[in-house]
Amino acid sequence: MPHLQFEFNFTPERAQKVAFADAVRKHFATIMSTGTDHIGITYRCYQQDDLVFGRAGDGPIAFLNADIRLGRTADQKRRLALAIMDEIGARWGMARESIYIVYTEHDGPDFQLSDRVLPSWQAGEDPLND
């Protein structure tokens, strides 16, 4: 279960959050070769001065802490990061230089759901339908 924790120094409207989450899930499933039903997304929205990122200046800032299952390639992680940066930029006019993404990788059994423990990642799998 990837857990994608977004932090913004602004608060998007509810409809924007829903549409953004849908787009992020699609990017993740396509690029990371998995299903979508196990993707968790959280938002933490702060005041403008509550997030600081030196290269971003005074404008909007976005951070993503992405807990993902071990096994994805560097290329997959980079493609996902750029797709998410572009999604944020298209929706909220933010430059890539104002976005910071950090991946933390875990083996599948580190992800616990009510009815199962996720297996280690394999290309093309959908852990809730396997």
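For the sequence shown, numbering that gives the first Met the number 0 gives the first residue as 0, with consecutive numbering after it.
Think of the CB as a built atom: it goes at the ideal place given N, C-alpha and C, for glycine as much as any other residue.
Starting from residue i, trace the alpha helix (DSSP H) both ways and give me its first and last residue.
i	result
Gly-88	73-91
Asp-21	13-31
How many Å lie between residue i and residue j at the Cα?
i	j	result
Thr-103	Asp-74	15 Å
Leu-81	Tyr-42	19 Å
Asp-21	Pro-59	21 Å
Between residue i and the rest of its own chain, which residues show a CB-CB distance below 7 Å, the 5 nearest in sequence each way excluded?
i	result
Ile-98	Ala-61, Met-84 and Ile-87
Ala-28	Gly-34 and Thr-35
Pro-118	Gly-107 and Pro-126
Mind checking whether residue i and residue j have CB atoms under 8 Å apart?
i	j	result
Pro-1	Ile-38	yes
Arg-12	Tyr-45	Looking at the sequence itself, residue 12 is Glu, so the reference to Arg does not match. No; because the gap between Cβ atoms is not below 8 Å, this pair is not in contact.
Phe-110	Arg-68	yes
Arg-77	Phe-19	no
Glu-96	Ala-55	yes
Asp-66	His-26	no
Can you give the beta carbon distance from residue i to residue j, rounded, assuming they're within the 8 Å contact cut?
i	j	result
Asn-128	Val-101	Not really, about 29 Å apart at Cβ, beyond 8 Å.
Ile-40	Leu-79	So it is not a contact: roughly 13 Å between Cβ atoms.
Hey, quick one: how far does the beta strand (DSSP E) through residue i stretch, first residue to last?
i	result
Ile-100	98-105
Gln-131	This structure leaves residue 131 out entirely; the chain is present only between 0 and 129.
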